[in-house]
Amino acid sequence: MITKEYSKDLSGKNTFRMAVSCRSFIEYDSVADLFELDFEEMLQPVKHIGAGSNLLFTQDFKGTILHSKVNFIEKLPHDHVSVGAGVVFDDFCAWAASEGLWGPENLSYIPGEVGAAAVQNIGAYGVEAKDIIKTVYAYDIEEEEFVKFDVSECAYGYRESLFKTPEVKDRYIITHVVFALSRQPRPRLDYSKALSALKEDPELTPLKVREAVTAIRKEKLPEVGKVGSAGSFFKNPVVTAEVYDAVVKAAAGAEVPHYDAGDGMVKIPAAWLIEQCGWKGRRSGNAGVWEKQPLVLINATGRALPEEIVALEDKIRSSVKQKFGISLSCEVEHL
Ligand code: EPU
1070 MITKEYSKDL SGKNTFRMAV SCRSFIEYDS VADLFELDFE EMLQPVKHIG AGSNLLFTQD
1130 FKGTILHSKV NFIEKLPHDH VSVGAGVVFD DFCAWAASEG LWGPENLSYI PGEVGAAAVQ
1190 NIGAYGVEAK DIIKTVYAYD IEEEEFVKFD VSECAYGYRE SLFKTPEVKD RYIITHVVFA
1250 LSRQPRPRLD YSKALSALKE DPELTPLKVR EAVTAIRKEK LPEVGKVGSA GSFFKNPVVT
1310 AEVYDAVVKA AAGAEVPHYD AGDGMVKIPA AWLIEQCGWK GRRSGNAGVW EKQPLVLINA
1370 TGRALPEEIV ALEDKIRSSV KQKFGISLSC EVEHL
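The opening residue of the sequence shown carries number 1070 in the working numbering; numbering runs sequentially from there.
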């Protein structure tokens, strides 16, 4: 079924809770509905969203917002699972854990839906969506046909994918994703001390890992529904060894956390850079920086205007640039 609304208030459709509207809002609940939709006739531009958990609406949207309610989880042979793009990603994680299937447990409690997770290559605690994705199924708006991409064709990288590249951005609507899960234990627990402790458990289950990950996220990150945010606002910069050395110098004795990013590159946590610039827990009008994780910008009062978030973003970006010479890039998409 397809539903259409006009002049729709989007404050409940983006986790930052920006009080903006769109001229047209269309939801559909089956893959076949996509054939019924006339994309050329829609008010332009057309943007497909998921749960709106990685977006910042900077103004009222002049065109059409599309949203999938394709909501199935279907078991396939060999512990493969087909999941509709509109399924809440954490519902999929909960389902897999309840079935005793390993794979998405480290990605528990990440806000958002399955389609967007495959676009964004969501990641947490040493696992990325690409590690468990087998095939992505999509509708090609230009050719008006269904297509499929093997994971190797999706050009996945750190919060990157084919679906985010300028050449094809917004061309493919992901309809469902096939994940390759496993009944064989395959815990990934090296990311943090809290998870490493689980290695001692001889009867570890995906559910136990899911519970530990959920507890960490609840402790560190604002609760969606209570505090408006879009999770990590910036990406962790990946820099050359020379830039890293310059950061060490600028840190004036403070230890610089860093991870090997391969090919001689170094990943530095943006949270650390932002904290060093004094932003952790600070407010700027109705916008703010989360007190326990400065990578997360928040709608502190629930009344923040898009321009207040953007102004705070600009200020943080310039202080990090000035102190460390690094230009932070955004994880959150601005519309
Ligand atoms: N750190 C600080 N101060 C803080 C918090 C963190 O200096 O207040 C430093 C510490 O050195 C810490 C490091 O940052 O070891 C990493 O922190 P954390 O483990 O919280 O992860 P992150 O790199 O900040 C990334 C993802 C998160 C994901 C976590 C856990 C990005 C942009 N973000 O954050 O994803 O949950 O790892 O794996 O890669 C999201 O994408 O919305 C998101 C929340």
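Here a beta-carbon is modelled for each residue, glycine too, at the ideal position from N, C-alpha and C. A quick note: this is a predicted structure, and the numbers were derived from the prediction, not measured.
Does residue i come out as helix, strand or coil in the three-state DSSP assignment?
{"i": "F1085", "result": "coil"}
{"i": "N1368", "result": "strand"}
{"i": "S1396", "result": "coil"}
{"i": "F1126", "result": "coil"}
{"i": "I1118", "result": "strand"}
{"i": "T1133", "result": "strand"}
{"i": "F1158", "result": "helix"}
{"i": "I1343", "result": "helix"}
{"i": "D1200", "result": "helix"}
{"i": "T1283", "result": "helix"}
{"i": "A1323", "result": "coil"}
{"i": "S1388", "result": "helix"}
{"i": "E1229", "result": "strand"}
{"i": "G1184", "result": "helix"}
{"i": "I1191", "result": "coil"}
{"i": "E1292", "result": "coil"}
{"i": "E1402", "result": "strand"}
Going by DSSP, what residues sit across from residue i in a beta bridge?
{"i": "R1352", "result": "G1357"}
{"i": "Y1075", "result": "S1093"}
{"i": "V1335", "result": "V1308 and D1329"}
{"i": "I1179", "result": "Partner(s): none; I1179 has no beta bridge."}
{"i": "D1314", "result": "DSSP, once it has assigned bridges, lists no residue as partnering D1314."}
{"i": "K1144", "result": "V1150"}
{"i": "V1216", "result": "A1207"}
{"i": "A1249", "result": "H1149"}
{"i": "G1300", "result": "Answer by DSSP bridge pairing: none, since G1300 is not bridged."}
{"i": "W1164", "result": "Note: W1164 sits in no beta bridge, so no partner."}
Between which residues of its own chain and residue i is the CB-CB distance below 7 Å, once the five residues before and five after are set aside?
{"i": "N1083", "result": "G1121, L1124 and F1126"}
{"i": "P1180", "result": "T1084, A1120, S1122, V1293 and G1300"}
{"i": "R1372", "result": "N1355"}
{"i": "I1201", "result": "G1172, P1173, F1248, A1249 and L1250"}
{"i": "E1074", "result": "F1094"}
{"i": "P1291", "result": "S1298, W1359, V1365 and I1367"}
Among the residues of its own chain, which have a CB less than 8 Å from the CB of residue i, if the five just before and after it don't count?
{"i": "S1090", "result": "S1076, K1077, D1078, L1079, D1129 and F1130"}
{"i": "G1394", "result": "V1312, A1315, V1316 and A1319"}
{"i": "S1251", "result": "D1148, L1170, W1171 and G1172"}
{"i": "E1360", "result": "K1349 and G1350"}
{"i": "L1145", "result": "S1151 and V1247"}
{"i": "Q1345", "result": "A1320, A1323, K1392 and F1393"}
{"i": "V1216", "result": "Y1206, A1207, Y1208, D1209 and Y1241"}
Identify, in the order they occur along the chain, each residue of the same chain with its Cβ nearer than 6 Å to the Cβ of residue i, setting aside the five sequence neighbours on each side.
{"i": "R1386", "result": "L1397"}
{"i": "P1326", "result": "P1338 and W1341"}
{"i": "W1348", "result": "V1358, P1363 and I1385"}
{"i": "L1276", "result": "A1166"}
{"i": "F1141", "result": "G1153"}
{"i": "G1297", "result": "F1085, R1086 and N1368"}
For residue i, tell me which candidate among the options has the shortest Cα-Cα distance.
{"i": "R1279", "options": "R1092, E1174 and V1325", "result": "E1174"}
{"i": "I1242", "options": "G1192, I1285, R1257 and A1186", "result": "A1186"}
{"i": "F1218", "options": "K1203, I1210 and Y1097", "result": "K1203"}
{"i": "Y1011", "options": "P1306, A1088 and L1176", "result": "The requested residue 1011 is not part of the displayed model; the chain covers only 1070 to 1404."}
{"i": "P1114", "options": "A1101, E1229 and L1135", "result": "L1135"}
{"i": "V1237", "options": "S1221, Y1225, E1211 and H1403", "result": "E1211"}
{"i": "E1109", "options": "R1240, T1274 and K1262", "result": "R1240"}
{"i": "K1390", "options": "E1376, I1343, S1353 and K1199", "result": "I1343"}
{"i": "T1072", "options": "I1118, K1138 and G1081", "result": "K1138"}
{"i": "G1414", "options": "A1321, T1309, R1352 and A1088", "result": "Because the chain is modelled from 1070 through 1404, residue 1414 falls outside the range shown and cannot be assessed."}
{"i": "D1107", "options": "D1209, Y1225, W1164 and P1271", "result": "D1209"}
{"i": "E1182", "options": "I1118, Y1227, R1257 and G1192", "result": "I1118"}
{"i": "G1155", "options": "Y1097, R1255, D1329 and A1101", "result": "Y1097"}
Taking only beta-carbon positions, decide if residue i is within less than 9 Å of chain D.
{"i": "E1229", "result": "No chain D appears in the structure shown, which is made up of a single protein chain."}
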